[in-house]
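First comes the structure, then the notes that go with it.
In the UniProt record's numbering, the protein residues as written are 1 to 353.
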């Protein structure tokens, strides 16, 4: 490998030949050694070679390798992934003897569509960690299709709550740590991953139900405190609540204080969840004002249950307010409140189909 290949540049006169191994490795988020190993072992190599052994990867080569990366990230063995990648790139080509092995196992998303994904619930030890690693590798490659597929597979396999707690949150934290240590190269990775997590959560949010009776409890109001833009935890809670058939009003990031208080007075919510990621945005006086809001006829005034979420509230005075430790904790508390207030049982499996 010459200096130009190591630097990811193309030597003069070869610009039309495609990417160098170094440039392609950075694009896919793998090492140049891995690309050379795949070429040697599985025949997933470049169509063009210059100066003897110097590799130049064409757009067609890149497509094959992107498929290879996506399949291996889904747990398909490299040899099977290579055969599948070649077949996808050249579907009309005759299959070679080496391609007579069984086809790769379907990706998790395909299993979900076929109804063969294991039952929802707590993952086996190490399984969710492996799912998270596959998700992180796809994000590092900036492979949007693979990120979306891995997230969908996690929700299909575990449900929204467990997928959030066991796969999405650990992966977001891992990428955030890499950002802190590696700097700018991981900014785009975290933004891409966050966007697709948000898209997946919203995709699995059902239309918000209306209160069963006009005299029943109001909705759960979800809002980030002023100055706070981290909405993903509230988006996860929003999706989970709608699957229970609990009415929700999601206000998102950085809700101004007066707008929040006005919404509480107008909606008469059964509960208000305030999210603060940073200590600098957590405002106990604002939380106290929300908790003090009253509505209803004189003599039967009602106040909302106030729940404080996020690390920003740690160590702050929160007398009389709840501090859930996880999404499942918040969900159990809110569901119990509606079981008590609504006629008939409310189970985790209820709600709109």
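Even for Gly, the Cβ is constructed at its ideal location relative to N, Cα and C. Values in this document were obtained by computation on a predicted structure and should not be read as measured data.
By Cβ distance, which residues of its chain are closer than 8 Å to residue 337, with the 5 residues on each side in sequence left out?
-> Your numbering for residue 337 matches position 337 in the chain shown. These residues qualify, in order along the chain: 217, 270, 271 and 305.
Beta bridge counterpart(s) of residue 307 as assigned by DSSP = Within the chain shown, numbered from 1, the residue matching residue 307 stands at position 307. Beta-bridge partners of residue 307 (DSSP): 273 and 322.
Pull up the distance between the alpha-carbon of residue 19 and that of residue 189, whole angstroms please.
-> In the chain shown, counting from the first residue as 1, residue 19 sits at position 19. In the chain shown, counting from the first residue as 1, residue 189 sits at position 189. Across the structure, residue 19 and residue 189 are spaced so that their CA atoms are roughly 22 Å apart.
So, residue 21 versus residue 35, is the Cβ gap smaller than 8 Å?
-> Taking the first residue of the chain shown as 1, we reach residue 21 at position 21. Taking the first residue of the chain shown as 1, we reach residue 35 at position 35. The Cβ-Cβ distance between residue 21 and residue 35 falls below 8 Å.
Just curious, the alpha helix (DSSP H) that residue 255 is in, first and last residue?
-> Position 255 of the chain shown, counted from the start, is the residue given in the question as residue 255. Counting along the chain, residue 255 falls outside any alpha helix (DSSP H), and DSSP gives it neither H nor E.
Straight-line Cα distance separating residue 294 from residue 313 = By 1-based counting over the chain shown, the position of residue 313 is 313. By 1-based counting over the chain shown, the position of residue 294 is 294. So the alpha carbons of these two residues sit roughly 24 Å apart.
For residue 204, the nearest candidate out of 235, 193, 225 and 195 (CA to CA) = For the purposes of this step, residue 204 is taken as the residue at position 204 of the chain shown. Closest option to residue 204, Cα to Cα, is 235.
Please state if the CB of residue 196 and the CB of residue 147 are separated by a distance shorter than 8 Å.
-> By one-based count along the chain shown, residue 147 stands at place 147. By one-based count along the chain shown, residue 196 stands at place 196. Yes, they are a contact pair.
Which one of 227, 263 and 325 has the shortest CA to CA distance from residue 283?
-> As a working mapping, residue 283 is identified with position 283 in the chain shown. Closest option to residue 283, Cα to Cα, is 227.
Under a Cβ-count criterion, where at least 16 other Cβ atoms within 10 Å of its own Cβ denotes burial, should residue 143 be classed as buried or exposed?
-> By one-based count along the chain shown, residue 143 stands at place 143. Counting Cβ neighbours within 10 Å, residue 143 comes out buried, since at least 16 surround it.
Entirely within the region 215-239 and at least 3 residues each: give me those beta strand (DSSP E) ranges in chain order.
-> If we require 3 residues or more, the beta strand (DSSP E) runs fully inside the region 215-239 come out as 220-224.
So, are the CB atoms of residue 244 and residue 222 less than 8 Å apart?
-> Position 244 of the chain shown, counted from the start, is the residue given in the question as residue 244. Position 222 of the chain shown, counted from the start, is the residue given in the question as residue 222. No; because the gap between Cβ atoms is not below 8 Å, this pair is not in contact.
Anyone know if the C-beta pair for residue 315 and residue 277 falls short of 8 Å?
-> For this step, residue 315 is matched to residue 315 along the chain shown. For this step, residue 277 is matched to residue 277 along the chain shown. Contact: no.
Nearest-angstrom Cα distance between residue 253 and residue 141?
-> The sequence position of residue 253 within the chain shown is 253, counting from 1. The sequence position of residue 141 within the chain shown is 141, counting from 1. Distance between the alpha carbons of residue 253 and residue 141: 29 Å.
What number of angstroms, rounded off, separates the C-alpha of residue 302 from the C-alpha of residue 219?
-> Working through the chain shown from its first residue, we reach residue 302 at position 302. Working through the chain shown from its first residue, we reach residue 219 at position 219. Cα atoms of residue 302 and residue 219: separation of roughly 13 Å, rounded to the nearest angstrom.
How is residue 316 classed by DSSP in three states: helix, strand or coil?
-> Taking the first residue of the chain shown as position 1, residue 316 is located at position 316. If DSSP states are grouped into helix, strand and coil, residue 316 belongs with coil.
Short Cβ contact (8 Å threshold) for residue 158 with residue 175 = Position 158 of the chain shown, counted from the start, is the residue given in the question as residue 158. Position 175 of the chain shown, counted from the start, is the residue given in the question as residue 175. Cβ atoms of residue 158 and residue 175: not closer than 8 Å.
Who are the near neighbours of residue 161 in its chain, counting only those whose CB is closer than 8 Å to its CB and skipping five residues on each side?
-> Within the chain shown, residue 161 is the residue found at index 161, counting from 1. Short of 8 Å from the beta carbon of residue 161, and not among the five residues preceding or following it, lie these beta carbons of its own chain, in chain order: 236, 240, 327, 328 and 331.
Opening and closing residue of the alpha helix (DSSP H) in which residue 247 lies = The residue labelled residue 247 in the question sits at position 247 within the chain shown. Note, residue 247: premise wrong, no alpha helix (DSSP H); not H, not E.
Which one of 248, 232, 172 and 171 has the shortest CA to CA distance from residue 206?
-> The sequence position of residue 206 within the chain shown is 206, counting from 1. Comparing alpha-carbon positions, the option among 248, 232, 172 and 171 lying closest to residue 206 turns out to be 248.
Find the nearest neighbour of residue 137 within the set 69, 292 and 60, judged by alpha-carbon distance.
-> Position 137 of the chain shown, counted from the first residue, corresponds to residue 137. Cα-wise, what sits closest to residue 137 is 69.
Is residue 233 buried or exposed, if buried means 16 or more other CB atoms sit within 10 Å of its CB?
-> Indexing the chain shown from 1 puts residue 233 at position 233. Buried, because 16 or more other Cβ atoms sit within 10 Å of the Cβ of residue 233.
Taking just the CA atoms, how far does residue 289 sit from residue 261?
-> The residue given as residue 261 occupies position 261 in the chain shown. The residue given as residue 289 occupies position 289 in the chain shown. Going by the C-alpha atoms only, they are around 8 Å apart.
Return yes when the Cβ of residue 287 is within less than 8 Å of the Cβ of residue 267, no when it is not.
-> The residue labelled residue 267 in the question sits at position 267 within the chain shown. The residue labelled residue 287 in the question sits at position 287 within the chain shown. Taking 8 Å as the Cβ cut-off, residue 267 and residue 287 do not qualify as a contacting pair.
Neighbourhood of residue 67 by C-beta distance below 6 Å, restricted to the same chain and skipping five residues each side | On the chain shown, residue 67 is found 67 positions in, with the first residue counted as 1. Excluding residues within five positions, the ones whose Cβ falls inside 6 Å are 85 and 88.
Mind checking whether residue 320 and residue 291 have CB atoms under 8 Å apart?
-> Residue mapping note: residue 320 aligns to position 320 of the chain shown, counting from 1. Residue mapping note: residue 291 aligns to position 291 of the chain shown, counting from 1. In contact: residue 320 and residue 291 (Cβ atoms closer than 8 Å).
Nonlocal neighbours in the same chain, by C-beta distance under 8 Å from residue 318, ignoring five residues either side | Working through the chain shown from its first residue, we reach residue 318 at position 318. The answer, listed in chain order, is 284, 287 and 308.
Per DSSP, residue 302 is paired with what?
-> Locating residue 302 in the chain shown gives position 302, counting from the first residue. Paired residues: 295.
Given that a residue counts as buried once 16 or more other Cβ atoms are within 10 Å of its Cβ, and exposed if not, what is residue 32?
-> Locating residue 32 in the chain shown gives position 32, counting from the first residue. It is buried - the Cβ of residue 32 has at least 16 other Cβ atoms within 10 Å.
Cβ neighbour criterion (16 or more within 10 Å) applied to residue 256 = As a working note, residue 256 is residue 256 in the chain shown. When all chains shown are included, residue 256 counts as exposed.
In whole angstroms, what separates the C-alpha of residue 27 from that of residue 194?
-> In the chain shown, counting from the first residue as 1, residue 27 sits at position 27. In the chain shown, counting from the first residue as 1, residue 194 sits at position 194. Whole-angstrom Cα-Cα distance: 19 Å.
Buried versus exposed, by CB contacts within 10 Å (16 or more), residue 101 = For the purposes of this step, residue 101 is taken as residue 101 along the chain shown, with counting starting at 1. Unreliable placement is indicated for residue 101, whose pLDDT of 38 sits below 50; the coordinate value is still reported in the next sentence. By the Cβ-count criterion, residue 101 is exposed, with fewer than 16 other Cβ atoms from all chains shown falling within 10 Å of its own Cβ.
Helix, strand or coil at residue 35 [DSSP, three-state] | Residue numbering aside, residue 35 sits at position 35 when the chain shown is read from its first letter. DSSP places residue 35 in the helix class (H, G or I) of the three-state scheme.
Output the distance between the C-alpha atoms of residue 163 and residue 133, rounded to the nearest integer angstrom.
-> The residue given as residue 163 occupies position 163 in the chain shown. The residue given as residue 133 occupies position 133 in the chain shown. One C-alpha to the other measures close to 13 Å.
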